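Participant:
Residue numbers (UniProt numbering): 1 to 281.
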């Protein structure tokens, strides 16, 4: 009897893969991101590089945790510690601390069948404002700002489907930030729609996997003290790729690169990513 095509892979950079952690086990996945801002896209999508003598860099250490409660239900959290550096002409600043944290639950709605349905998982997530949203000192050049100041509610779906010789992933999410008071101003950030499509191609009998991913975000205009700022909305399109080294079903190493290719009201960011997945207990 033919089985579902499900090779061992490390998964994409942005999207969750639809399969969840097995019952009674925990996935603990560390991830290191090295980020650099090269410029900005304005409200019309025109690119402007940083001024001469300016630079913005960050290093982020993330930890993804997921515990399987049953064959169809899992819960977890994502934590992030950030170190940010900035230079503007002769001024330099750096700061480190906790960023916003995520708590989530996932439920498998459909299980993949041969030649039929893909794996489909429902995602519910709450982003908590654990990161500083307002700078404590102008001399820090906003390097101590690591959060948005709002609690966000997110709902999404993840799909995974094996189509020989590749494994495909799709994620679509909708996020609603709750109103918050940040720096003495009442802010209600706009709702956002995010998507990600990724493919993984195992080679060398599964010991090496090539991964490519394209993702995007569109966030509507915010409201400040009840007034909508109509000309402010954010759009981002990011391309990414990586190489996965598969040691076993329990240990995989992924090294990847992401580049924000185009956007509106968005920072033009490049990032190198390294993650060891999964560490399972």
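Think of the CB as a built atom: it goes at the ideal place given N, C-alpha and C, for glycine as much as any other residue. Small disclaimer: the values here were computed from a predicted structure and weren't measured.
Between residue 130 and residue 149, is the Cβ-Cβ spacing less than 8 Å?
Facilitator: No; because the gap between Cβ atoms is not below 8 Å, this pair is not in contact.
Participant: Could you tell me if residue 113 is buried or exposed, where buried requires 16 or more neighbouring beta carbons within 10 angstroms of its beta carbon?
Facilitator: Exposed.
Participant: Which residues share a DSSP beta bridge with residue 187?
Facilitator: In the DSSP output, where bridge partners are listed per residue, residue 187 has 180, 224.
Participant: Could you check if residue 48 is buried or exposed, using at least 16 other CB atoms within 10 Å of its CB as the buried criterion?
Facilitator: By the neighbour-count rule (16 or more Cβ atoms within 10 Å), residue 48 is not buried but exposed.
Participant: With distances taken between CB atoms, is the gap from residue 269 to residue 36 smaller than 8 Å?
Facilitator: Yes, Cβ-Cβ distance for residue 269 and residue 36 is below 8 Å.
Participant: Residue 121 and residue 152 - do their beta-carbons sit closer together than 8 Å?
Facilitator: Contact flag unset, no.
Participant: Output needed for residue 280: all residues of its chain with C-beta closer than 7 Å, excluding positions within five of it in sequence on either side, in chain order.
Facilitator: Answer for residue 280: 25, 26, 27, 250, listed in chain order.
Participant: Could you check how far apart the C-beta atoms of residue 7 and residue 221 are, in whole angstroms? I think they sit under 8 Å.
Facilitator: Going by Cβ atoms, the distance from residue 7 to residue 221 rounds to 43 Å, so no, they are not a contact pair.
Participant: DSSP three-state call for residue 24: helix, strand or coil?
Facilitator: Looking at residue 24 - three-state DSSP - the assignment turns out to be coil, as it is neither helix nor strand.
Participant: Buried or exposed: residue 136, going by 16 or more other Cβ atoms within 10 Å of its Cβ?
Facilitator: Under this definition residue 136 is an exposed residue.
Participant: Measure the C-alpha to C-alpha separation of residue 82 and residue 247 and round it to an integer number of angstroms.
Facilitator: Roughly 29 Å separates the two Cα atoms.
Participant: Measure the CB-CB distance between residue 29 and residue 58 and report whether it falls below 8 Å.
Facilitator: No, these two residues do not count as a Cβ contact at 8 Å.
Participant: Residue 215: buried (16+ other C-beta within 10 angstroms of its C-beta) or exposed?
Facilitator: Buried: at least 16 other Cβ atoms inside 10 Å.
Participant: Of the residues 68, 242, 42, 204, which one's Cα is nearest the Cα of residue 273?
Facilitator: Residue 273 has its Cα closest to that of 242, out of 68, 242, 42, 204.
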